[in-house]
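Enquirer: The sequence shown begins at 30 in the working numbering and counts up by one.
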Amino acid sequence: MPDSRSFFGCAGGDGNVYIAGGHDESKNALRSAFAYSVEADAWRALPDMSEERDEPQLVTTPGGVLAASGYPTEAQGAFKKTAECYATGGTWTDEGDVVPDTAETCLASVRGKVWAVRVGKGGVREWDGAARAWRDVADGPPGMKACVKAVGVGHGDALFVFGTVADAAEGSKYSAWVMEAGGAPWKQVPVPSGFGGFVYSAAAVRV
30 MPDSRSFFGC AGGDGNVYIA GGHDESKNAL RSAFAYSVEA DAWRALPDMS
80 EERDEPQLVT TPGGVLAASG YPTEAQGAFK KTAECYATGG TWTDEGDVVP
130 DTAETCLASV RGKVWAVRVG KGGVREWDGA ARAWRDVADG PPGMKACVKA
180 VGVGHGDALF VFGTVADAAE GSKYSAWVME AGGAPWKQVP VPSGFGGFVY
230 SAAAVRV
């Protein structure tokens, strides 16, 4: 990467990998962002975001990327509800308050839309940018106590979720689930014992 940073947001789409926010070696929250072109094998600087965002969530959108939540240097751990969107070749646009229940919600890109995942009834929602509102899609994964990470898989046609379980059977604290974007029931994914620790990031790749 062009610089050294930690706890930045990262998302991939349209042949690019985007990074934004995080903090530097002095734990100063950052506004800067970069994009890596897979075809050109090169990084390019993007315009700075309007706000500092340490630990933001990045989600790709058609033709750009959404940077959501995070917190500034002077308010560490106080996650914002705000978001801003970068359109390829343009600037960041303020989206206002977007993220519901910041400490409990994971964002993912599914079918080109931004989805929010948390526990319980109506736990999966889709953001309608035109209406500036969330639309219920499905309930959260059965038995999940808290969402840790979520990511769209299979060209965005399904949703993969990793979270803590309400009943830690056999000493396992985490589990995983997959749901087809069309609304099929959740399928629990076995997590091997060697991969049952805390997940800091998630990504879908084609092998």
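Just so you know, even glycine gets a beta-carbon here, dropped at the ideal spot from N, CA and C.
1) Which value, in whole angstroms, describes the spacing of the CA atoms of residue 70 and residue 149?
2) Which one of 138, 133 and 117 has the shortest CA to CA distance from residue 40?
3) Which runs of the beta strand (DSSP E), 3 residues or longer, sit entirely within the segment 90-140?
4) If I'm right that residue 144 touches residue 133 with Cβ under 8 angstroms, what's the distance once you round it to whole angstroms?
5) Could you tell me which uninterrupted beta strand (DSSP E) segments, each at least 3 residues in length, are contained entirely in the segment 38-100, listed from first to last along the chain?
6) State the Cα-Cα distance for the pair residue 205 and residue 220, rounded to the nearest angstrom.
7) Using only alpha-carbon positions, find the residue among 119, 58 and 140 that is nearest to residue 103.
8) Would you call residue 86 buried or exposed, if buried means 16 or more other Cβ atoms sit within 10 Å of its Cβ?
9) So, under 8 angstroms CB-CB, residue 126 and residue 111 are touching, yes? Tell me the CB distance rounded to an integer number of Å.
10) Decide if the segment 162-175 is in contact with the segment 185-195; the criterion is three or more beta carbon pairs, one per stretch, under 8 angstroms apart.
11) According to the Cβ coordinates, are residue 64 and residue 78 closer than 9 angstroms?
12) With 16 other CB atoms within 10 Å as the buried threshold, where does residue 73 fall?
13) Near residue 186, what residues of its chain come up, given a Cβ to Cβ distance below 6 angstroms and the 5 sequence neighbours on each side ignored?
14) Using DSSP with H/G/I as helix, E/B as strand and the rest coil, what is residue 224?
15) What number of angstroms, rounded off, separates the C-alpha of residue 99 from the C-alpha of residue 49?
16) Distance, Cα to Cα, residue 180 vs residue 146?
Expert: Once the coordinates are examined:
1) 42 angstroms
2) 138
3) 93-97, 111-116, 121-126 and 135-139
4) In fact, because the Cβ distance is near 15 angstroms, the residues do not count as touching under 8 angstroms.
5) 38-42, 45-49, 62-66, 71-75, 86-90 and 93-97
6) 7 angstroms
7) 58
8) buried
9) 6 angstroms
10) yes
11) no
12) exposed
13) 210
14) helix
15) 11 angstroms
16) 10 angstroms
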